[in-house]
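Going by numbering that gives the first Met the number 0, the residue at position 140 of the first sequence is 139; the numbering climbs one at a time, nothing skipped. Heads up, the beta-carbon is just placed ideally off N, CA and C, and yes, glycines get one too.
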Amino acid sequence: MKQLNKELEQLIEAALTRAIHDGDLPEFEIPPVPVSPPKRLGQGDLSYPGMSLAKLARKNPLEIANLIAATLPGADFIDKIEVAPPGFINCFLSESYLKRQVDRIIEEGENFFQLDIGAGQMAQVEFVSANPSGPITIGHTRNAVVGDAMARLLEAAGYEVQREYYYNNAGNQMIVLGKSLMLRYLQRLGEEIDFPADYYQGAYLVEIAAELAAEHGDALKEAGWEKFKDIAEARMFQWINRSLAAIDIKHDRFYNETSLFESQQIWAVLEAMRENGHIYHSTHWEGADDEEIADLRSKGYQPATWFRSTTFGDEKDRVMVKSDGAPTYTLPDIAYHCDKLERGFDIAVNVLGTDHFSQAQVVKHGIRALNMDPEPIHVIFIQMVRAVRRNQESGEYETVKQSKRAGDFDTLDDLVAMTSADAVRYHMLARSPNSQLDFDVDQVVKQSNENPVYYIQNAYVRCAGIFREAKERGFNDDGADLSLLGENELKFIRKALELGNVIEQAVTNYEPHKIAFFAHELAAVFHPIYDQVRVLHSEVPSEVAKARLRFYRAAGVVFYRLLRLMGMSAPERM
RNA sequence: GCUCCAGUAGCUCAGUGGAUAGAGCAUUGGUUUCCUAAACCAAGUGUCGCAGGUUCGAGUCCUGCCUGGAGCGCCA
Numbered sequence: 000m001k002q003l004n005k006e007l008e009q010l011i012e013a014a015l016t017r018a019i020h021d022g023d024l025p026e027f028e029i030p031p032v033p034v035s036p037p038k039r040l041g042q043g044d045l046s047y048p049g050m051s052l053a054k055l056a057r058k059n060p061l062e063i064a065n066l067i068a069a070t071l072p073g074a075d076f077i078d079k080i081e082v083a084p085p086g087f088i089n090c091f092l093s094e095s096y097l098k099r100q101v102d103r104i105i106e107e108g109e110n111f112f113q114l115d116i117g118a119g120q121m122a123q124v125e126f127v128s129a130n131p132s133g134p135i136t137i138g139h140t141r142n143a144v145v146g147d148a149m150a151r152l153l154e155a156a157g158y159e160v161q162r163e164y165y166y167n168n169a170g171n172q173m174i175v176l177g178k179s180l181m182l183r184y185l186q187r188l189g190e191e192i193d194f195p196a197d198y199y200q201g202a203y204l205v206e207i208a209a210e211l212a213a214e215h216g217d218a219l220k221e222a223g224w225e226k227f228k229d230i231a232e233a234r235m236f237q238w239i240n241r242s243l244a245a246i247d248i249k250h251d252r253f254y255n256e257t258s259l260f261e262s263q264q265i266w267a268v269l270e271a272m273r274e275n276g277h278i279y280h281s282t283h284w285e286g287a288d289d290e291e292i293a294d295l296r297s298k299g300y301q302p303a304t305w306f307r308s309t310t311f312g313d314e315k316d317r318v319m320v321k322s323d324g325a326p327t328y329t330l331p332d333i334a335y336h337c338d339k340l341e342r343g344f345d346i347a348v349n350v351l352g353t354d355h356f357s358q359a360q361v362v363k364h365g366i367r368a369l370n371m372d373p374e375p376i377h378v379i380f381i382q383m384v385r386a387v388r389r390n391q392e393s394g395e396y397e398t399v400k401q402s403k404r405a406g407d408f409d410t411l412d413d414l415v416a417m418t419s420a421d422a423v424r425y426h427m428l429a430r431s432p433n434s435q436l437d438f439d440v441d442q443v444v445k446q447s448n449e450n451p452v453y454y455i456q457n458a459y460v461r462c463a464g465i466f467r468e469a470k471e472r473g474f475n476d477d478g479a480d481l482s483l484l485g486e487n488e489l490k491f492i493r494k495a496l497e498l499g500n501v502i503e504q505a506v507t508n509y510e511p512h513k514i515a516f517f518a519h520e521l522a523a524v525f526h527p528i529y530d531q532v533r534v535l536h537s538e539v540p541s542e543v544a545k546a547r548l549r550f551y552r553a554a555g556v557v558f559y560r561l562l563r564l565m566g567m568s569a570p571e572r573m
């Protein structure tokens with residue numbers, strides 16, 4: 000399927016090139032000529048503001064627009080070109096072209112607007128990557144939804160996509176997790192234990208401990224924390240996968256942080272950075288002021304291994320290996336991204352919460368310190384998300400407490416249980432990642448009947464419904480004459496043909512939320528049409544009904560494609 | 001103190017430097033003899049945080065300021 004705005008852009012460029020060649024315009028470098036759908040009726044279907052050329056061409060904008068309009072090469076999709084003051088070039092699409100696209104849409108089916116922008120290229124999306132120390136929270140959920148939608152859009156753009164989860168199963172946190180479970184188990188066996196405040200407090204560990212006690216009795220009493228760490232990690236891994244699967248998210252690969260230790264890769268990376276002259280050994284970083292040095296000294300630190308990240312614009316240097324010999328989190332993270340780049344991805348998208356902002360910068364500095372180009376890496380930063388609900392008395396929004404008690408909604412499992420996988424996905428996606436998101440639990444739950452989620456899905460349901468009814472009546476769209484379609488149906492086709500551009504915008508700008516808004520806009524075009532354009536109605540002549548039935552077949556294809564791009568289900572009935 | 005994000009309708013938010021700034025929710029009133037009511041039609045609300053600047057043209061770009069959020073660890 001053609002991206003018509005791109006086609007028109009090329010035609011305008013051709014017209015300009017020719018005008019310059021013919022001497023109708025002075026010599027100048029032709030800038031990009033962005034074509035977009037105008038906002039108002041009567042301004043055509045695609046529009047280009049020719050005013051932007053006035054200065055370059057040293058000519059009255061209206062004259063330039065007229066010149067372009069007069070010399071624009073023809074194309075099968077163009078009906079007419081109009082010029083509007085002060086210099087807009089408005090393109091009206093050909094009706095017969097639009098009608099023909101109904102069959103094209105049906106032919107393409109699930110590949111409707113499958114683009115070739117990324118043909119032959121590999122893309123990776125690393126997302127979620129939550130520490131395996133507890134449930135998937137509402138914050139992870141937003142990350143998961145955005146990352147998966149990004150992956151689906153990259154696939155639609157033609158990339159071969161791998162979904163990866165960086166599994167942080169090394170480091171102190173896992174030891175604490177193992178010890179936390181061990182203490183809960185011993186508590187369950189009746190021992191009096193003072194549970195440390197900095198251990199994992201979640202009730203889920205108490206539950207797992209109870210299960211272990213039921214299954215093994217006191218047989219694990221003498222087992223070390225390592226045993227409990229393995230048990231806890233396996234349980235967390237299962238839990239995370241199950242939660243994500245409930246919203247139709249699966250990763251192709253779980254990349255274990257521990258593998259970077261086992262393979263010695265972290266030390267190889269550190270050595271390479273050292274060879275490039277970016278590593279030094281000291282009690283404090285080179286640019287530290289007296290106050291900072293005094294602070295570090297008061298903590299009694301021995302010398303540590305520092306990365307001179309300030310070379311690459313960082314505000315201070317960073318510790319790679321602590322004075323006790325253990326690496327910080329940053330070193331394996333650099334090694335991991337180094338490994339990613341060596342795997343040859345043309346694009347490596349990384350979805351992170353803004354609390355990882357500094358960390359991500361340091362990783363990029365580290366990649367440069369390895370003399371590698373971090374350009375393929377692109378980070379989508381997700382702003383904070385809170386579950387909120389309105390206080391009935393004050394009318395103010397309040398944050399849902401970070402408690403694991405039943406009735407609070409701060410995990411993915413809770414959100415899905417209270418709403419639906421589709422509602423969670425849509426609401427998490429339909430927001431710019433740059434905006435903080437208040438997920439209004441009551442709104443998504445209570446108003447689930449008048450919700451954009453179902454508004455979009457209902458469009459597909461309605462298409463499916465017509466075919467069910469037609470089948471019962473023994474009616475079909477064989478031999479449909481598309482020329483019988485009316486202006487209403489064309490309105491929908493025009494809008495649907497924008498999908499290619501939406502996918503491209505979403506991919507090139509790393510803004511997957513655009514697809515969610517487009518889906519809603521398209522549904523808003525569809526429903527009024529459906530209300531008026533009937534198929535199985537006594538006043539509709541059989542030939543017209545066939546054409547309309549064919550149209551609804553195409554509309555169903557478009558909505559199916561959209562719903563799948565958002566990772567939502569396409570139900571046949573509500 | 002420094003870096004990044006945000007500030008647009010009562011609320012939650014869209015908005016490629018272009019033409020008269022848009023949705024949903026909430027509010028009010030209406031709509032189906034034959035597939036469609038989780039739908040449709042109609043009504044209304046704006047100092048686009050503030051002040052300058054660039055431009056033929058600024059919600060969009062630049063500078064300063066105000067407000068809210070995230071970060072700036074020998075944590076992960």
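Residue i: first and last residue of the uninterrupted alpha helix (DSSP H) it sits in
i, result
"Q456", "P451 to E471"
"W238", "W224 to A244"
"P527", "H512 to Q531"
"G146", "I137 to A155"
"G577", "Nothing can be reported for residue 577, as the shown portion of the chain is limited to 0 through 573."
"W305", "No alpha helix (DSSP H) holds W305; the beta strand (DSSP E) holding it covers A303 to F306."
"I649", "Outside the displayed span of the chain (0 to 573) sits residue 649, for which this structure offers no information."
"M427", "A420 to L428"
"G499", "L498 to T507"
"G365", "F356 to A368"
Contact belief for residue i with residue j at Cβ below 8 Å, rounded distance in angstroms
i, j, result
"I135", "L243", "7 Å"
"Q504", "K513", "6 Å"
"L411", "I381", "Not confirmed; about 15 Å, so no contact."
"C462", "G555", "3 Å"
"M319", "I278", "7 Å"
"A129", "L176", "So it is not a contact: roughly 13 Å between Cβ atoms."
"A245", "L428", "No, A245 and L428 are not in contact; Cβ-Cβ is about 16 Å, not under 8 Å."
Member of the options whose CA lies at the smallest distance from the CA of residue i
i, options, result
"A458", "E221, Y559, Y254 and D413", "Y559"
"A267", "G299, D338, E291 and Q237", "D338"
"E486", "R547, P511, T507 and Q456", "R547"
"E291", "D441, D316 and F311", "D316"
"F576", "M272, Q2, E520 and K220", "Residue 576 is absent from the model: the chain starts at 0 and stops at 573."
"K298", "T310, I265, T309 and H283", "H283"
"I574", "R151, P331, A420 and A68", "Nothing about residue 574 can be reported from this structure: the residues present for the chain run from 0 to 573 only."
"L52", "D44, A64 and T310", "A64"
"N575", "A143, D197 and Y198", "What the structure shows of the chain is the stretch from 0 to 573, and residue 575 is not part of that stretch, so it cannot be assessed."
"A518", "A69, F194 and L496", "L496"
"D480", "S541, E6 and H250", "S541"
Per-residue burial, residue i [other beta carbons within 10 Å of its own, 16 or more giving buried]
i, result
"P527", "exposed"
"H139", "buried"
"E191", "exposed"
"G41", "exposed"
"A405", "Residue placement at A405 is flagged as unreliable, the pLDDT there being 38, under the threshold of 50; the coordinate-derived value follows with that caveat. Exposed: under 16 other Cβ atoms inside 10 Å."
"P30", "exposed"
"R424", "buried"
"G73", "exposed"
"T304", "buried"
"M173", "buried"
"E125", "buried"
"E488", "buried"
"H215", "exposed"
"D193", "exposed"
"M272", "buried"
"L15", "buried"
Bounding residues of the beta strand (DSSP E) (the contiguous stretch that carries residue i)
i, result
"E81", "I77 to A83"
"S46", "L45 to P48"
"S281", "I278 to S281"
"R317", "R317 to V320"
"E291", "That residue, E291, is in no beta strand (DSSP E); its alpha helix (DSSP H) goes D289 to S297."
Q. Do the segment 109-124 and the segment 149-166 touch if we need at least three Cβ pairs shorter than 8 Å?
A. yes
Q: Flag this pair as touching only if the segment 412-420 and the segment 460-473 have three or more C-beta atom pairs under 8 Å; answer yes or no.
A: no
(Q) Is it the case that the segment 340-354 contacts the segment 366-378, given that we only count it when at least three CB pairs across the two stretches are under 8 Å? (A) yes
Q: Determine contact between the segment 93-111 and the segment 162-178, defined as no fewer than three beta-carbon pairs at a distance below 8 Å.
A: no
Q) Quick one: any contact between the segment 473-480 and the segment 536-545, if contact means 3 or more CB pairs under 8 Å? A) yes
Q: Would you be able to state if there are at least three C-beta pairs under 8 Å between the segment 531-539 and the segment 67-87?
A: no
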